[in-house]
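A.B. asks:
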Amino acid sequence: MNTAQKHRALQLLGILPGLALISFTPWSDAASVDNTFTYQGRLADNGVSATGAYDLRFRLFNDASAGAQVGPTLAVAPLSVSNGLFTAQLDFGSGVFDGTAYWLEIAARTNGSV
Numbered sequence: 038m039n040t041a042q043k044h045r046a047l048q049l050l051g052i053l054p055g056l057a058l059i060s061f062t063p064w065s066d067a068a069s070v071d072n073t074f075t076y077q078g079r080l081a082d083n084g085v086s087a088t089g090a091y092d093l094r095f096r097l098f099n100d101a102s103a104g105a106q107v108g109p110t111l112a113v114a115p116l117s118v119s120n121g122l123f124t125a126q127l128d129f130g131s132g133v134f135d136g137t138a139y140w141l142e143i144a145a146r147t148n149g150s151v
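Residue numbering for the sequence shown follows the numbering used here, starting at 38 and increasing by one per position.
1. Can you tell me whether D71 is helix, strand or coil according to DSSP?
2. Could you tell me which residues DSSP pairs with S102 in its beta bridges?
3. In the DSSP assignment, what are the bridge partners of S119?
4. In angstroms with no decimal places, state the Cα-to-Cα distance between L141 and P115.
5. What's the call for V85, buried or exposed, on a 16-neighbour Cβ count within 10 Å?
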């Protein structure tokens with residue numbers, strides 16, 4: 038190896054540790070996870086497919102019958118229901134969905150009723 042080749046090899050060796058540092062540096066602007074999901078359902082009012090504006094309430098529980106509520110209560114009002122079908126965007130917040138099974142309670146009433 039001549040002197041020029043040795044000099045070039047030393048230059049490359051000086052650059053490689055810097056490249057390793059760059060390639061293993063974690064991203065500081067990591068994308069945040071969006072907890073919003075779409076729920077689609079069918080609503081009947083007295084056995085007939087509902088149509089109109091409804092107020093819906095969504096709650097998560099950790100057991101089907103005697104569970105404790107997990108996360109906030111979400112109110113979606115008014116929600117348009119057409120031929121019994123509706124779509125709602127729900128977000129129970131970060132940290133709720135950790136692999137645990139939950140039960141979703143949905144309550145509905147005609148918009149503005151008590």
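Just so it is clear, CB atoms sit at the ideal spot from N, CA and C, and this is done for glycine as well.
C.D. replies: Walking through what the data contain:
1. coil
2. BP columns for S102 are empty, so no partner.
3. L122
4. 19 Å
5. exposed
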